[in-house]
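Written below as structure tokens is the structure these notes are about.
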Amino acid sequence: FVKQPRLWLAWLIAFGRSCFWTTFFVYGPLFMVITGEGKLAGGLLVSAGNALLFMAIFWGRAGRRFGGRRVMTFAYFAMAAMLFAA
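For the sequence shown, counting from 1, position 32 maps to 258 in the working numbering; every step adds exactly one.
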């Protein structure tokens, strides 16, 4: 497994995505409540994250049109930029 670079990359992508979403759903609402934004703001944050799942249809179409590697690269860089901006 370790000697196959594509399997290693696939595992890293899946693991990173899992860590991100777990952190987002657990700590996002907690930080909203701790900073005084309230429970409603924490719930809206999680709802906005779940709403992104409906965009999967459009990301799939973009992947077929532009190629999966380009779309995933764009998505990861866009996510990193948004996290740094936050």
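Don't be surprised by glycine CBs; every beta carbon is placed ideally from N, CA and C.
Nearest C-alpha to V272 among T261, G286, F257, F284: F257. Nearest neighbour of G275 by Cα position, chosen from A236, V252, Q230, V297, turns out to be V252. Cβ contact annotation for G289 (same chain, cutoff 6 Å, sequence separation greater than five): V297, in chain order.
Taking C-beta separations shorter than 7 Å and ignoring five residues to either side along the sequence, the partners of K265 in its chain run V259, following chain order. Counted as a single uninterrupted DSSP element, the stretch harbouring T261 is not any alpha helix (DSSP H), since DSSP gives it neither H nor E. DSSP places G289 in the uninterrupted alpha helix (DSSP H) bounded by 282–292.
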